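Shown next, in structure tokens, is the structure this report addresses.
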Amino acid sequence: MARVVVVSNRVAVPNRDGGARAGGLEVVLRSFLKRNQGVWFGWSGRTVPKGEEKVRQSEHAGVTYITADISRADFQEYYNGFANRMLWPILHYRLDLVEFSSRDMAGYLRVNEMFADRLLAFLKPDDVIWVHDYHFLPLAKALRDRGVQNKIGFFLHIPFPPPDLLTALPKHERTILSLCHYDLVGFQTDNDADNLADYLTNESRMPSRDRRTFIAGQRTMRIGVFPVGVEMAEFERLARRTNRLAFAREVLTSLADRSMIIGVDRLDYSKGIGMRMRAFEQFLADYPRWRGAVTYLQITPRSRSEIREYADIERRIDETVGRVNGHYGEASWTPIRYVNRPYSRSTLAGLYRASRAALVTPLRDGMNLVAKEYIAAQDPEDPGVLILSRFAGAAVECQAALLVNPYDQEAVAAAIDQALSMPLDERRARHRDVFNVLSENDVKFWGNRFIDALTCPEPAAASAPRAVAASPHLAAAE
Ligand code: ADQ
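Here you go:
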């Protein structure tokens, strides 16, 4: 197999972060490179004064890590600005939070050019390049402009909304159409893939060979669906050893026979943490028999605190926790336990297994690995119940979970009651159904499926391109 060069904004260089960082992308890429080796290229995590940016290279267990510094001004415009104030909210269907600035957009494009320059120095002619996530939508274009002919694939970990929302992005052609410089663009769900196909067909009038194959000048760009999975056997193994972990035993003892409900999310407005806590408050109001009998543990490491919206959510969640605990708590019982730190994978696995239910209620999520990890970690003889938002990509595979609309607090409150009251037979049957589906899509197949699809010979043109009217916008992407 050709060498795979993985590109992502964050790079999990071993021994640098202590191994317990929260973030789905790093979790799955680490797992892919553990099996396939290759190169992992991206930002070093350092911001430095302009002109002092360095590139570093290191090797670990067969993987070459190459990381580049970014200047403070570039970081502000590319990361805090365009990527996280513009692309992140719009791709999560949150037009209300979008803040556009031409300057940030210019910074985003400039940093993509800079990364293309840095990467070029390390590329070999037969490398397969695999770019990840919304930070690098235009990276293939920047590489093609520099003459790179290698296969280049792109995978989006987060949702991709319908054209009506996308077109609210000022100069959307500049970023969205640049995806046509990839050979393969992968998404988590059919819904996301259809949204790009609709955009290219109806908004940009790109010629297409079929519903998911588009023709952009001399190139063919395919769209595919590759739902991210988790390491099922590994999580199951970690969870089975729970009783041996002193920390997990301590948590269980501290519950004093109460049932535990767990939520595990990075602090982000897409995860619906505040609304979920209000649903739990509603549950305590509507189902008083559970008061004093259930503890909800929400584990939420802080992220992107430098962005104002994130500081605001932190404050609002703190207020909700204070209100619920103040109103319903007793000297001997705290309804919500809220902690802001990362935990090791084995500790998380143990906590998942010890929980009677998991509340995974994002308002919108590309996939959501916590939902899948929770299922993997359960004892099949006495499993807990997954309460899952219908707006998480994971809902496609987890049809046997309790699917909820996270905006409907009464329905979420009712689902909590249903989960806690569910008979053992039903819990086992639901768990088995979801577990079997997820086992067929273990993360160990995911990366190879993508790389196989990227490197397989192009399907022969079955028919002449459809809708060949010249695209009014292609020039804007060039
Ligand atoms: P994220 O938004 O980061 O990922 P998610 O899929 O839930 O979200 O993954 C979070 C990961 O971080 C999980 O593996 C979880 O175990 C871990 N984690 C969370 N809290 C932690 C804590 N306190 N300590 C340690 N680890 C913690 C993005 C997209 C998702 C998509 C993934 C992968 O937003 O929709 O599922 O990429 O494609």
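Okay, so the sequence shown: first residue is 742 according to the working numbering, each after it adds one. Each residue gets a CB set at the ideal place from its N, CA and C atoms; glycine is no exception. Bear in mind that the values here come from a model prediction, so they are computed numbers and not experimental data.
Asked, Found
"Residue(s) in a DSSP beta bridge with Ala934", "According to DSSP, which records beta bridges pairwise, Ala934 is partnered with nothing at all."
"Gln728 beta carbon near the ligand ADQ (any heavy atom closer than 8 Å)", "Nothing about residue 728 can be reported from this structure: the residues present for the chain run from 742 to 1219 only."
"Cβ neighbours of Val1145 in the same chain (closer than 8 Å, five flanking residues each side left out)", "Thr1102, Ile1128, Leu1129, Ser1130, Arg1131, Ala1152, Val1153 and Ala1156"
"Own chain partners of Val908 with C-beta closer than 7 Å, once the 5 adjacent residues on each side are dropped", "Note that residue 908 is Thr in the sequence shown, not Val. Hits under 7 Å: Glu944."
"Pro1042 beta carbon near the ligand ADQ (any heavy atom closer than 8 Å)", "yes"
"Host beta strand (DSSP E) of Met962 (start-end)", "Arg960 to Val966"
"Local Cβ density within 10 Å of Ser1087, reported as buried at 16 or more and exposed below that", "buried"
"CB of Ala1112 within 9 Å of CB of Ala1099, strictly", "yes"
"DSSP three-state assignment for Leu884, whether helix, strand or coil", "helix"
"Straight-line Cα distance separating Thr1061 from Pro755", "37 Å"
"Span of the beta strand (DSSP E), counted from its first residue to its last, around Lys873", "Looking at the sequence provided, one finds His at residue 873 rather than Lys. Unbroken beta strand (DSSP E) run through His873: Val869 to His873."
"Rounded C-alpha distance that separates Ala1117 from Gly1004", "15 Å"
"The ligand ADQ heavy atom lying under 8 Å from the CB of Arg751", "no"
"Reduced DSSP secondary structure (H/G/I, E/B, other) of Ala1095", "coil"
"Contacting residues, own chain, Cβ-Cβ under 6 Å from Thr930 (five flanking each side not counted)", "Gly1134 and Val1137"
"Distance CB(Trp871)-CB(Phe901) smaller than 9 Å", "no"
"Any non-hydrogen atom of the ligand ADQ within 8 Å of Ala1095 CB", "no"
"Cα-Cα separation, Met827 to Glu1071", "43 Å"
"Residue range of the alpha helix (DSSP H) that includes Phe1191", "Val1184 to Thr1196"
"Sequence-distant residues of the same chain with beta carbon closer than 8 Å to Leu836, five excluded per side", "Pro830, Leu906 and Ala909"
"In DSSP terms, what Thr808 is bridged to", "Gly783 and Arg797"
"Run of the beta strand (DSSP E) containing Gln1039, from where it starts to where it stops", "Val1035 to Ile1040"
"Cα-Cα separation between Ile964 and Asn821, rounded to whole angstroms", "28 Å"
"beta-carbon Ala1133 near the ligand ADQ non-hydrogen atom, thresh 8 Å", "yes"
"heavy atom of the ligand MG below 8 Å from Arg1082 C-beta", "For the ligand MG, the structure offers nothing, since it holds only the ligand ADQ."
"Contacting residues, own chain, Cβ-Cβ under 6 Å from Asn1189 (five flanking each side not counted)", "none"
"Inter-residue Cα distance where the pair is Glu977 and Tyr1115", "9 Å"
"Met1108 vs His876 beta-carbon contact at 9 Å", "no"
"Presumed contact (8 Å Cβ cut-off) between Phe863 and Val780, rounded CB distance", "7 Å"
"Cα-Cα separation between Thr693 and Gln798, rounded to whole angstroms", "The displayed coordinates of the chain run from 742 to 1219. Any statement about residue 693 would go beyond what the structure contains."
"Ser1212 burial status per 10 Å Cβ neighbour count (16 or more: buried)", "Residue confidence for Ser1212 is low, a pLDDT of 41 falling below 50, so the modelled location carries little weight; the figure read from the coordinates is stated next. Buried."
"Assigned exposure category for Met742 - 16 Cβ within 10 Å defines buried", "exposed"
"Selection from Ala1142, Asp1158, Tyr1093 and Phe1021 that minimises the alpha carbon distance to Tyr1148", "Phe1021"
"Whole-angstrom distance between Gly783 and Ile807, CA atom to CA atom", "7 Å"
"Distance, Ala809 Cα to Arg787 Cα", "8 Å"
"Proximity of Val746 and Val869 at Cβ, strictly below 9 Å", "yes"
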